[in-house]
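Here the protein sequences line up with chains G and Z, keeping their order.
Take the first sequence: its letter number 77 is residue 77 in this note's numbering, and every next letter is one higher.
Take the second sequence: its letter number 63 is residue 63 in this note's numbering, and every next letter is one higher.
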Amino acid sequence: MATVKKRFGATDGWVNMPDGTSHYIFGFVDITGVPENQIFQYRGKATLLAPLLEVYEGDEVYLTLTNLGFPGRPDLDDTHTIHWHGFPNQIPLWDGVPETSLSVPVGRDFTYYYKPLDPGTYIYHCHFEPVEHIQMGMVGPLTVHPQLEKDLGRKFAYNDENTAFDLEALIFLTELDPKPHHLVASVQAFDWTEYRPQYWLISGRSYPDTVKPANDPSLPQQPFSALIEAYEGEKVLLRFVNIGFQQHCIQVLGIPLKVVGLDARLLRGYNGEDISYGRDVIYIAAGQTVDAIFTAPRAGIYPLYNRNHNKNTIAGTAFGGMVTEIRVLSKP
Amino acid sequence: MPVINLWAKDGYLSTPDGNSIYFWGFAKSESDPAQLPGPYIIAKQGETVTVNLYNTLSEPVSITFPGQPGVTAGGQPVRPQYSDGKLLSFVNHAEPGGMMSYNFTPTNPGTFIYESATNPHKQVPMGLYGGLVIRPADFKPEIKEYKTAYGAGTNTEFDREYLLITGEIDPYLHRAVENGKPYLVSKYLPRYWTLNGRCAPDTMLMDRVDYLPHQPYGSMVMGLPGEKILMRYVGAGIENHPLHPHGAHTRVVAVDGRLLRNGSIDLSYKRFTVLVGAGRTCDQIYQWHGLGYTPQNPIPTTLPNLRNMGVGDAGWTMWSGSPYLGVKGDIPVGVVSYNEFGEYYFMLHSHEELQITNWGEFPGGMMTMVAIYPSLSPDVGLL
Ligand SMILES: [Cu+2]
Ligand SMILES: [Cu+2]
Chain G
1 MATVKKRFGA TDGWVNMPDG TSHYIFGFVD ITGVPENQIF QYRGKATLLA PLLEVYEGDE
61 VYLTLTNLGF PGRPDLDDTH TIHWHGFPNQ IPLWDGVPET SLSVPVGRDF TYYYKPLDPG
121 TYIYHCHFEP VEHIQMGMVG PLTVHPQLEK DLGRKFAYND ENTAFDLEAL IFLTELDPKP
181 HHLVASVQAF DWTEYRPQYW LISGRSYPDT VKPANDPSLP QQPFSALIEA YEGEKVLLRF
241 VNIGFQQHCI QVLGIPLKVV GLDARLLRGY NGEDISYGRD VIYIAAGQTV DAIFTAPRAG
301 IYPLYNRNHN KNTIAGTAFG GMVTEIRVLS KP
Chain Z
1 MPVINLWAKD GYLSTPDGNS IYFWGFAKSE SDPAQLPGPY IIAKQGETVT VNLYNTLSEP
61 VSITFPGQPG VTAGGQPVRP QYSDGKLLSF VNHAEPGGMM SYNFTPTNPG TFIYESATNP
121 HKQVPMGLYG GLVIRPADFK PEIKEYKTAY GAGTNTEFDR EYLLITGEID PYLHRAVENG
181 KPYLVSKYLP RYWTLNGRCA PDTMLMDRVD YLPHQPYGSM VMGLPGEKIL MRYVGAGIEN
241 HPLHPHGAHT RVVAVDGRLL RNGSIDLSYK RFTVLVGAGR TCDQIYQWHG LGYTPQNPIP
301 TTLPNLRNMG VGDAGWTMWS GSPYLGVKGD IPVGVVSYNE FGEYYFMLHS HEELQITNWG
361 EFPGGMMTMV AIYPSLSPDV GLL
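Below, the structure written as structure tokens:
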């Protein structure tokens, strides 16, 4: 069991879409270990997705949230929180719901404490005015690795040897409606019942940007690549997350998937029955996560896309959006 | 043999942002107000139920009982009704000013919906729906092993139970019906989302508050640490809603009134977000155990000075001001706390977050709380 100390700043920033447009966001930025007199250099540097929080079962996690304010909206003094979505038996103090405990004003810190006991794929997000702060981008991936990995020195999704894998990839789904982003940037109100997304993102990017490498200089605030590269025969764990406001259905052309976990729960019945199942399309509702494993077939390029084909577009026209590629290579 | 009378009537719903919305609903009697949702019907496996529908509306109305076998209307098997060769009702209806009597004998326990089957694209969104709970034949609430959703030995024991019925409201549909104007259902665009007919924060009020005469049911889920809280979700709208409770996963034990079990194999599963499909029901057990923190076993972080934190920014909070269950701390001056006994509140809401607004304004819509109390009367959480 390790002690994990992290510090995330809440601030704003901009993201780029393949059609050359830029959009104002709110988000988090990793400021762990940054000297106190330098944290303000991170104002405006929020990323979409927020930084990956990756821990082990049994770790003691101290996560400090610092509200750095919005340089793009200096008039706005919104508070923020971190809500670990799906944390069992949480107490309100660390649940991050402003109406049921507290939130963090500009210039202040608050430390959340978690001792995760259940491995799996989770989400964290701000819960202050969540319709606005989630759409604006305050969402991040959160994975808890099982003890079994330490015991056997190999990778597993859960404490079950049937969930072994060689490499993992994140399929983190959100939508972006440019209208509220524009209105928030220009200090105007938006009627959220008029929500009409135009961009469909995997891990914060729209295809073809999804297949660019991580930390690509053309996407300074979208560090996550969604390109998946594996060798023939390797087992790949896909961690699907939907933190958009719509249901999605993701298909991988030519590769069957085995669903082993839902909502950070191994698919085992009440008495330990194996209730995992095979799928070609992963239906996933807003606020759900799905863990699925596949074995990389013969070398080739296998597209991963949304079977709601209207979501494989950029602003309703060009082919792109919620698409990425699984590139399988011959063994070296 | 239970006999239930339902009167199809009209009335006005109240939304927390001050709107008054014309609706159609079922009432318990001629003199009672129409209500959203209709009166809960509680019946028992194997016992015949009679539902008498009295129609005071200006068009035919019917009731269908999805999931119930062998439903009869006026003594004959139900059948679709046509007007000038065009489909009007999926089952026999009551004419305006008329009456229709339905009978069925539930063969399975579970959670079900009842709803209009006449012009359902209009009448169901207008509010003609309700929840139906069938008790297992061996149900005995005073004996733990027999206080179950699906019968003794099915791992569905519960301590308290709540019905949570989802719905949507498009005010333009309601206004068009009120004024007898045409309405294109293809333009359906909800601006309000409801739990048990109310929008948040009204969802968190008690049952039967005076100023919501047409919306008698609250949605506050209350229980004790470790208790098995049975949540019966019913999807009465025409859209799907992903409901996410904070604090714990739910164990889904049945879908559409069917126990998730295959012989001796228990197929129930845990989720932190359950998609309540249109017309779907989901029975689930929610259990919150906590993390064991008390003033004697304190949390490993220090509580900051609350004057430096955001507490009740809107002027109110549901927090006690303390990290501990059953303990009340100091809430900053000027903030109203609705916390009574140091209970914990966990939000339960649609994760299609625009649905937790009232016409775009957060907080509102399809949202309520699960309240975990340090102690609670056994009379709370009965249907
Ligand atoms: Cu969430
Ligand atoms: Cu939430």
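Cβ coordinates follow ideal geometry from the N, Cα and C atoms, glycine included.
Could you compute how far the alpha carbon of residue i sits from the alpha carbon of residue j?
| i | j | result |
| --- | --- | --- |
| Asp-30(G) | Asn-67(G) | 12 Å |
| Leu-348(Z) | Arg-251(Z) | 15 Å |
| Pro-242(Z) | Val-253(Z) | 17 Å |
| Asn-159(G) | Leu-257(G) | 20 Å |
| Lys-45(G) | Pro-295(Z) | 40 Å |
| Lys-215(Z) | Ser-22(G) | Strictly speaking, residue 215(Z) in this sequence is Gln, with Lys absent from that position. Near 45 Å, if we compare the C-alpha coordinates of Ser-22(G) and Gln-215(Z). |
| Thr-161(G) | Ala-50(G) | In the sequence as displayed, the identity of residue 161(G) is Glu instead of Thr. If you take the alpha carbons of Glu-161(G) and Ala-50(G), they lie about 31 Å apart. |
| Leu-402(Z) | Tyr-269(Z) | With chain Z running from 1 to 383 in the structure shown, residue 402(Z) is simply not present. |
| Lys-155(G) | Leu-117(G) | 17 Å |
| Met-126(Z) | Glu-99(G) | 32 Å |
| Gly-137(G) | Leu-354(Z) | 15 Å |
| Arg-271(Z) | Tyr-82(Z) | 43 Å |
| Val-51(Z) | Asn-119(Z) | 20 Å |
| Ser-31(Z) | Leu-6(Z) | 11 Å |
| Gly-269(G) | Pro-18(G) | 44 Å |
| Ile-91(G) | Gly-18(Z) | 34 Å |
| Pro-141(G) | Val-380(Z) | 38 Å |
| Gly-290(Z) | Met-322(G) | 38 Å |
| Met-384(Z) | Arg-280(Z) | Outside the shown range of chain Z, which is 1 to 383, sits residue 384(Z), and nothing can be said about it. |
| Lys-179(G) | Ala-185(G) | 10 Å |
| Gly-107(G) | Gly-69(G) | 7 Å |
| Leu-304(G) | Ala-226(G) | 10 Å |
| Gly-13(G) | Gly-120(G) | 30 Å |
| Pro-88(G) | Tyr-54(Z) | 47 Å |
| Arg-388(Z) | Thr-166(Z) | Residue 388(Z) falls outside the range modelled here, since chain Z spans only 1 to 383, and no answer is possible. |
| Ile-143(Z) | Gly-334(Z) | 47 Å |
Below 8 Å between beta carbons: does that hold for residue i and residue j?
| i | j | result |
| --- | --- | --- |
| Thr-56(Z) | Ala-8(Z) | yes |
| Ser-203(G) | Phe-224(G) | yes |
| Phe-104(Z) | Val-71(Z) | yes |
| Ile-25(G) | His-85(G) | no |
| Ala-299(G) | Leu-266(G) | no |
| Phe-128(G) | Thr-81(G) | yes |
| Gly-323(Z) | Leu-93(G) | The sequence shown places Pro at residue 323(Z), rather than the Gly named in the question. In this structure, Leu-93(G) lies closer than 8 Å to Pro-323(Z) by Cβ. |
| Tyr-308(Z) | Val-276(Z) | Residue identity check: residue 308(Z) is Asn in the sequence provided, not Tyr. Not in contact: Asn-308(Z) and Val-276(Z) (Cβ atoms no closer than 8 Å). |
| Gly-257(Z) | Gly-67(Z) | yes |
| Thr-15(Z) | Pro-69(Z) | no |
| Gly-360(Z) | Asp-191(G) | yes |
| Glu-168(Z) | Leu-383(Z) | no |
| Lys-212(G) | Leu-201(G) | no |
| Leu-259(Z) | Phe-158(Z) | no |
| Trp-319(Z) | Ser-101(G) | yes |
| Thr-203(Z) | Leu-195(Z) | yes |
8 Å is my cut-off, CB to CB: does residue i come that close to chain C?
| i | result |
| --- | --- |
| Thr-100(G) | Of the protein chains in the structure, G and Z, none is chain C. |
Interface residues of the region 195 to 210 of chain G facing chain Z [CB-CB below 9 Å]: Of all residues in the region 195 to 210 of chain G, Tyr-195 have a Cβ within less than 9 Å of some Cβ in chain Z.
Members of the region 275 to 297 of chain G near chain Z, C-beta cut-off 7 Å: Residues of the region 275 to 297 of chain G with a Cβ closer than 7 Å to any Cβ of chain Z, in chain order: Ile-275, Ala-285, Ala-286, Gly-287 and Gln-288.
Are at least three pairs of beta-carbons, each pair with one atom in the region 244 to 264 of chain G and one in the region 283 to 301 of chain G, less than 8 Å apart? Taking 8 Å as the limit for Cβ pairs, the verdict is that the region 283 to 301 of chain G does touch the region 244 to 264 of chain G.
Report yes or no: do the region 2 to 9 of chain G and the region 56 to 66 of chain G share at least 3 C-beta pairs separated by less than 8 Å? Yes: at least three Cβ pairs fall under 8 Å.
As an exercise, report each continuous alpha helix (DSSP H) stretch of at least 4 residues that is fully enclosed by the region 71 to 146 of chain Z, in chain order. Runs of the alpha helix (DSSP H) inside the region 71 to 146 of chain Z: 120 to 126.
So if I threshold CB-CB distances at 8 Å, which residues from the region 287 to 304 of chain Z count as touching chain G? Cβ contacts with chain G come from Trp-288, His-289, Gly-290, Leu-291, Tyr-293, Ile-299, Pro-300, Thr-301, Leu-303 and Pro-304.
Pull out every residue of the region 267 to 281 of chain Z whose Cβ sits closer than 8 Å to any Cβ of chain G, in chain order. Along the region 267 to 281 of chain Z, going in chain order, the ones with a CB nearer than 8 Å to a CB of chain G are Leu-267, Ser-268, Tyr-269, Lys-270, Arg-271, Phe-272, Thr-273 and Leu-275.
Going along the chain, which unbroken runs of the alpha helix (DSSP H) with 4 or more residues stay wholly within the region 196 to 281 of chain G? Correct list: empty.
Spell out a yes or no on whether the region 363 to 383 of chain Z and the region 180 to 200 of chain G are touching, meaning 3 or more CB-CB pairs, one atom from each, closer than 8 Å. No, they do not touch.
Enumerate, from N- to C-terminal direction, the unbroken beta strand (DSSP E) stretches of 3 or more residues contained entirely within the region 203 to 233 of chain Z. Segments of the beta strand (DSSP E) lying fully in the region 203 to 233 of chain Z: 221 to 223.
Which runs of the alpha helix (DSSP H) fall wholly inside the region 39 to 90 of chain G and span at least 4 residues, in chain order? The qualifying runs do not exist here; there are none.
Taking a cut of 8 Å between CB atoms, which residues from the region 220 to 235 of chain Z lie near chain G? Within the region 220 to 235 of chain Z, no residue has a Cβ that lies closer than 8 Å to any Cβ of chain G.
Along the chain, which unbroken stretches of the beta strand (DSSP E) at least 3 residues long are found entirely within the region 104 to 187 of chain G? List check, beta strand (DSSP E) in window: 109 to 114, 120 to 125, 139 to 145 and 167 to 176.
Taking contact to mean 3 or more Cβ pairs, one atom from each stretch, closer than 8 Å, check whether the region 125 to 135 of chain G and the region 325 to 343 of chain Z are in contact. No: the two stretches stay apart, fewer than three of their Cβ pairs being nearer than 8 Å.
Evaluate contact between the region 219 to 227 of chain Z and the region 94 to 112 of chain Z, counting only Cβ atoms and requiring at least three cross-stretch pairs below 8 Å. Cβ pair count under 8 Å is below three, so no.
Which residue spans inside the region 309 to 376 of chain Z form an unbroken beta strand (DSSP E) run of at least 3? Given a length threshold of 3 residues, each whole run of the beta strand (DSSP E) inside the region 309 to 376 of chain Z is given here in chain order: 344 to 350 and 367 to 372.
Three or more C-beta pairs under 8 Å: does that hold for the region 321 to 328 of chain G against the region 74 to 94 of chain Z? Short answer: they don't touch.
Under 8 Å: do the region 324 to 334 of chain Z and the region 299 to 317 of chain G share three or more Cβ pairs, one atom per stretch? Contact annotation: the region 324 to 334 of chain Z does not touch the region 299 to 317 of chain G, with fewer than three C-beta pairs closer than 8 Å.
Within 8 Å, do at least three Cβ pairs link the region 271 to 279 of chain G to the region 224 to 235 of chain G? No: fewer than three Cβ pairs fall under 8 Å.
Between the region 347 to 362 of chain Z and chain G, which residues of the former have CB atoms less than 7 Å from a CB of the latter, in chain order? For the region 347 to 362 of chain Z, which is checked against every Cβ of chain G, the residues closer than 7 Å are Met-347, His-351, Glu-352, Glu-353, Leu-354, Ile-356, Thr-357, Trp-359, Gly-360 and Phe-362.
Which residues, taken in chain order from the region 318 to 333 of chain Z, show a beta carbon closer than 7 Å to some beta carbon of chain G? If you check each beta-carbon in the region 318 to 333 of chain Z against every beta-carbon of chain G, the ones closer than 7 Å belong to Met-318, Trp-319 and Pro-323.
Please list, in chain order, the residues of the region 243 to 254 of chain G that have any C-beta partner in chain Z closer than 9 Å. For the region 243 to 254 of chain G, which is checked against every Cβ of chain Z, the residues closer than 9 Å are Ile-243, Gly-244, Phe-245, Gln-246 and Gln-247.
Selection of the region 144 to 162 of chain G by Cβ proximity to chain Z, strictly under 9 Å: From the region 144 to 162 of chain G, no residue has a Cβ closer than 9 Å to chain Z.
Contained alpha helix (DSSP H) runs [length at least 4] in the region 158 to 195 of chain Z, N- to C-terminal order: Counting only runs of 4 or more, we get 171 to 178.
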